[in-house]
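Chains as they are written, first to last, in the working numbering: chain C, 1 to 353; chain R, 354 to 706.
All residues carry an ideal CB built from backbone N, CA and C; glycine is no exception.
To start, the structure under review is shown below, and the notes come after it.
Number of protein chains: 2
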Amino acid sequence: MSGTPPTLDDVARAVGVHKATASRALNPATRSQVNPETARRITTAARRLGYVPNTLARGLRTSRTTAIGVLIPDLTNPLFPPIVRGIQDRLDAHGYTALLVNTDGDEDRERAQFSDLESRRADGFIVATARRVHPLLAEALARGTALVTVNRTTDLPGIPAVVSDDADGTAQAVGHLTALGHSLIAHLAGPQDVSTGAVRTQAFRHCMDAAGLRPPPESVVVCTAYTEQAGREATRRLLGACPGITAIVAGNDLIALGALAELAAQGRSCPRDVSVVGFNDMPFADRFQPPLTTVRVPHHEMGVQSAQLLLERLLEPQALPRTVLLPARLVVRGSTAPAPAGFPDRAAGITRA
Amino acid sequence: MSGTPPTLDDVARAVGVHKATASRALNPATRSQVNPETARRITTAARRLGYVPNTLARGLRTSRTTAIGVLIPDLTNPLFPPIVRGIQDRLDAHGYTALLVNTDGDEDRERAQFSDLESRRADGFIVATARRVHPLLAEALARGTALVTVNRTTDLPGIPAVVSDDADGTAQAVGHLTALGHSLIAHLAGPQDVSTGAVRTQAFRHCMDAAGLRPPPESVVVCTAYTEQAGREATRRLLGACPGITAIVAGNDLIALGALAELAAQGRSCPRDVSVVGFNDMPFADRFQPPLTTVRVPHHEMGVQSAQLLLERLLEPQALPRTVLLPARLVVRGSTAPAPAGFPDRAAGITRA
Chain C
1 MSGTPPTLDD VARAVGVHKA TASRALNPAT RSQVNPETAR RITTAARRLG YVPNTLARGL
61 RTSRTTAIGV LIPDLTNPLF PPIVRGIQDR LDAHGYTALL VNTDGDEDRE RAQFSDLESR
121 RADGFIVATA RRVHPLLAEA LARGTALVTV NRTTDLPGIP AVVSDDADGT AQAVGHLTAL
181 GHSLIAHLAG PQDVSTGAVR TQAFRHCMDA AGLRPPPESV VVCTAYTEQA GREATRRLLG
241 ACPGITAIVA GNDLIALGAL AELAAQGRSC PRDVSVVGFN DMPFADRFQP PLTTVRVPHH
301 EMGVQSAQLL LERLLEPQAL PRTVLLPARL VVRGSTAPAP AGFPDRAAGI TRA
Chain R
354 MSGTPPTLDD VARAVGVHKA TASRALNPAT RSQVNPETAR RITTAARRLG YVPNTLARGL
414 RTSRTTAIGV LIPDLTNPLF PPIVRGIQDR LDAHGYTALL VNTDGDEDRE RAQFSDLESR
474 RADGFIVATA RRVHPLLAEA LARGTALVTV NRTTDLPGIP AVVSDDADGT AQAVGHLTAL
534 GHSLIAHLAG PQDVSTGAVR TQAFRHCMDA AGLRPPPESV VVCTAYTEQA GREATRRLLG
594 ACPGITAIVA GNDLIALGAL AELAAQGRSC PRDVSVVGFN DMPFADRFQP PLTTVRVPHH
654 EMGVQSAQLL LERLLEPQAL PRTVLLPARL VVRGSTAPAP AGFPDRAAGI TRA
C-alpha cells in the first residue's frame, strides 16, 4: 500500500463515532457491544479506507491474542477433522482462531509445540492428545493455563473435558451382539494409557460380566495403537489364542478395519463367521466392505462444546471445571449378523456363569 | 507463575553467551545460525528457568509473525487433511505456524477471514480455495501479499502454485478404460470455475478425441460441487440422457461415490455393467465397495511443496513465480472391468471417427 496506512482515528472520523466505538466494532470479540447498524457502517468504512486492525498490538495491550492452541495427534486420522472443524466453527463465531499442531503422540515434540504456542501467547489450549498420566498438562494446570481436553480425559482432576459416553456406547455394542446370539465375544482394546481405551475396555468387561459371560483372558487383546496395522496384528494374536470367537468389539473403527483385513486374509467371512463392531463411525464407515456396524460419536459437536468450555474458562477462570458427556449411539450395518451355529462355547474355553 | 518472569538476559547469563545468540537459538527460524550444542544448552537453560519468548513482541519488532494463513474449503472434505498436514510439517520445520480457516466456498466469508488473518499479521497465505477468477487474490497480489495456491490455480498470472498433473492423470484414466474395450465413456465433470474441474474436463475431451471417440454432448455432465450428492444427481441426469454408457470418469472420488450409489439404486452393477474411475485416491478409497479405481494425487507432498514455495517467496519476494506440477498416477482396483458385450455404440448415439 502507498502513503501512510489509515489509522483507527481515520475510520472513527469517517463514520462520526468515538474511536473506542470503532475499536469495539472492528474487534470480533467485542462487536456485539456495538449497535449492529453502526458496526456495519464502521466495518464498511474500514474496508473502504483499507484499514487493517493490528490484532498483534491488541494482544500486547490486552494480553489477549484471541488465539487458542489446539493439540491433536494427527490430522490425517479421520477422527480429528470433524473435531477440529467443530472447534474452529465455535471459535470463529467469537472472533478467536485456532493454532493447530500435530503431536504424532511424541511427548518431546508435544512439549516443544506447547511451549511454542505459549510463546505465541495462546490464550488457552484445547487438547485432544490427553493421556491419563500427562505431566505437561499437570504443569500447565498448576501455572493456571486455561485448558480443556476433548475426546479424552486425564486422570488428573481440574481440567474441563468433552467426551462421548463411551461406556454406554460399548454397552450398546455388546448388547447388540448378545441379542444376535453371540457369546464368544472378543475385545480388541485400544491403548490403555488413554482414557478412551481404558473406559471402553472396562465397560466391555462389565457388560460381559453382567450378561453372565466369562470370556477367557486371551479374548481381550490390547492394541499398541489406534491404527489399522495394530488392529490387524492384535486380530492375528486373538485368532491364534481363541479361534472359536464369533464376534469382535473393536476399540475404534481403524482397529475394526484391521480386524476385517486379517479375517479376510485368514479366509473367515465377516459377518457370516465373525461379526465386527467398530467405534466412532468415522467418515465413509458406511461405504466399507462390509459396511461397518459401529458406535457413532458426535465428533463435530464434541469440538464445538470443547471450544465453548474453553471460552467460558477464559471468562471465568475460577469456575468449577465440568465434564460434558455427549451421547454415543450404535449404528447397525452389514458387519454384524446372528452368531453362526456349530461353535460350542466349550471349544473356545468360554464358560457361562 | 510467581515472582518476576525470567528474561532473555537471565537465559544468556546462565549459559554465558551473548543475548543476541540466546535470542537466535530460541527463535526456531534462526536457530540454525547457532552452533547446535550451544543452541541445545540455551534451550535447556530457557526451559529450566521457565523463560517464555514472546513471539508477539518479536512479530512487532521484525514485522514477521512466523504465522501463515491457510485457506481451505472444508477440513472435513477428506482431500484436505493430508494437504494441511503437509503444510504444517514443512512450516513447523522452519518455526512457522499455520492459521487455518474453512471458507465453505462462501466468498463473503472468505473475504472476512482473509482480512482477519491480515489483521493477525500473517506473513503470507497458502490458498486451497482458488477459483479461476478470484478478485480477493487479485487484490492481495496487487498489494504485494505473499501468496501460493495449492491443488488449484487461478487464471491470474503471478501466483506460485503447486498442483498435480491432472491432464496426465485424466489421460491415464481414459487410456485404462479404452484398453478395457470401453468406448461409451462418460465424464462427470467437477465445477468448471475451479482449475481442477476445467483442466480434467479439457483433458477428457482431448483424450477421447485423440482415441477417435466422439461422445455426444450429454455424456459430459458438470456437477454443481465436488460432493457425493452432486455426483449422484449428475449420474441420474447422465443415465437418463445416455443409458448406453459403460464407463464413467468422475471429476473426483466423492463424485465417483455418488455415481456408485446411483448406479446401485438403478440396479446397475459396478463394474459388471458400468466401470467407474475416481480422482484423488482419498483415504480408504481402497476399502469402498467396490474398491475404487482412481488417480492418486500426492496430497501430503503437495502441502509440503506449497509451504516450501511460500517460505521461498518470503525470502525472495521478487523471484519469478513458478508452478510445481506433481505426478498423478492411476491406481487400478475393483471398480473397473472390461466393457460388457451387447451395447452397440449406435444405441448410445456415439459415433466412431
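Check: At 8 Å on the CB atoms, spell out the chain C contacts of ARG438 (chain R), in chain order.; Outcome: ASP74, LEU75, THR76 and ASN102
Check: Assign ALA378 (chain R) to buried or exposed, taking buried as 16 or more other Cβ atoms, counted over all protein chains shown, within 10 Å of its Cβ.; Outcome: buried
Check: Can you pull the chain R residues whose beta carbon is under 8 Å from the beta carbon of LEU188 (chain C), in chain order?; Outcome: Within chain R, no residue comes near LEU188 (chain C); the closest Cβ sits about 17 Å away, beyond 8 Å.
Check: Helix, strand or coil for PHE284 (chain C), going by three-state DSSP, please let me know.; Outcome: coil
Check: When burial is assigned at 16 or more other CB atoms within 10 Å of the CB, is VAL547 (chain R) buried or exposed?; Outcome: buried
Check: Note down the Cα distance separating GLY458 (chain R) from LEU424 (chain R), rounded to an integer number of angstroms.; Outcome: 10 Å
Check: According to a CB-to-CB cut-off of less than 7 Å, which residues of the stretch 280-307 of chain C neighbour chain R?; Outcome: PRO283, PHE284, ARG287, PHE288 and GLN289
Check: Strictly by DSSP, which residues pair up with ILE608 (chain R)?; Outcome: Answer is none; ILE608 (chain R) lacks a bridge partner.
Check: Would you mind reading off the limits of the alpha helix (DSSP H) that contains HIS300 (chain C)?; Outcome: 299-315
Check: As a quick exercise: from R:LEU452, R:VAL515 and R:LEU432, pick the residue whose alpha carbon is nearest that of GLY422 (chain R).; Outcome: R:LEU452
Check: Any beta carbon from chain C within less than 7 Å of ARG705 (chain R)'s own beta carbon?; Outcome: For ARG705 (chain R), the pLDDT reaches just 44, beneath the cut-off of 50, and the residue's location in the model is therefore unreliable, leaving the point undetermined.
Check: Can you tell me the Cα-Cα spacing of VAL15 (chain C) and THR498 (chain R), whole angstroms?; Outcome: 28 Å
Check: Specify, as a first and last residue, the run of the alpha helix (DSSP H) that THR397 (chain R) falls within.; Outcome: 389-402
Check: Using a Cβ cut-off of 7 Å, pull out every chain A residue sitting near LEU537 (chain R), in sequence order please.; Outcome: Although the question refers to chain A, the structure presented lacks it and instead comprises the protein chains C and R.
Check: With a CB to CB cut of under 8 Å and the five nearest residues on each side skipped, what residues in its chain are close to PRO181 (chain C)?; Outcome: The amino acid at residue 181 (chain C) is misidentified as Pro; the sequence shows Gly. So the qualifying residues of the chain are PRO338 and ALA339.
Check: Any beta carbon of chain C sitting closer than 7 Å to that of PRO389 (chain R)?; Outcome: no
Check: Taking the Cβ atom as the reference point for each residue, do ARG473 (chain R) and ASP508 (chain R) lie within a distance shorter than 7 Å?; Outcome: no
Check: Hey, which unbroken runs of the beta strand (DSSP E) at 3 residues or more fall wholly within the stretch 491-529 of chain R?; Outcome: 500-503 and 514-517
Check: Can we say the stretch 266-275 of chain C touches the stretch 161-169 of chain C, given the rule of at least three CB pairs closer than 8 Å?; Outcome: no
Check: Can you list the residues of chain C that GLN441 (chain R) reaches, using a CB-CB cut of under 8 Å?; Outcome: LEU75, LEU100, VAL101 and ASN102
Check: I need the DSSP call for ARG567 (chain R), collapsed to helix, strand or coil.; Outcome: strand
Check: Quick one: measure Cβ to Cβ for ARG443 (chain R) and VAL573 (chain R), integer angstroms, because I've assumed they're closer than 8 Å.; Outcome: With 8 Å as the limit, ARG443 (chain R) and VAL573 (chain R) do not qualify as a contact, their Cβ atoms being about 37 Å apart.
Check: Is it buried or exposed, GLY212 (chain C), if we count other Cβ atoms within 10 angstroms and call 16 or more buried?; Outcome: exposed
Check: Could you tell me whether the Cβ atoms of LEU541 (chain R) and CYS576 (chain R) are closer together than 7 Å?; Outcome: yes
Check: In angstroms, rounded to a whole number, what distance separates the CA positions of ALA578 (chain R) and GLY403 (chain R)?; Outcome: 50 Å
Check: Contact between the stretch 295-311 of chain C and the stretch 258-269 of chain C: three or more CB pairs below 8 Å?; Outcome: no
Check: Would you kindly work out how many angstroms separate the C-alpha atoms of ALA186 (chain C) and GLY251 (chain C), rounded to a whole number?; Outcome: 11 Å
Check: Just tell me which of R:ALA532, R:GLY477 and R:ALA465 has its CA closest to the CA of THR354 (chain C).; Outcome: Missing from the structure shown is residue 354 (chain C); chain C here goes from 1 to 353 and no further.
Check: Closer than 7 Å by beta-carbon distance: list the chain R residues that pair up with PRO383 (chain C), in chain order.; Outcome: Because residue 383 (chain C) is not part of the residues shown, which for chain C are 1 to 353, the question remains open.
Check: Contact check, GLY477 (chain R) vs LEU668 (chain R) under 8 Å by CB: the rounded distance?; Outcome: That pair is no contact at about 11 Å.
Check: Can you give me the start and stop residues for the beta strand (DSSP E) that VAL547 (chain R) sits inside?; Outcome: No beta strand (DSSP E) holds VAL547 (chain R); DSSP gives it neither H nor E.
Check: Using only the alpha-carbon positions, how far apart do ASN633 (chain R) and LEU607 (chain R) sit?; Outcome: 9 Å
Check: Quick one: list the residues of chain C neighbouring LEU610 (chain R), beta-carbon separation under 7 Å, in chain order.; Outcome: ARG287
Check: So is GLU581 (chain R) buried or exposed if we call it buried at 16+ other beta carbons inside 10 Å?; Outcome: buried
Check: I want to verify the contact list: residues of chain R whose CB lies under 7 Å from the CB of THR21 (chain C), in sequence order.; Outcome: Those do not exist, as THR21 (chain C) stays about 18 Å from chain R at its closest Cβ, beyond 7 Å.
Check: To the nearest angstrom, how far is it from the Cα of ARG417 (chain R) to the Cα of ASN380 (chain R)?; Outcome: 12 Å
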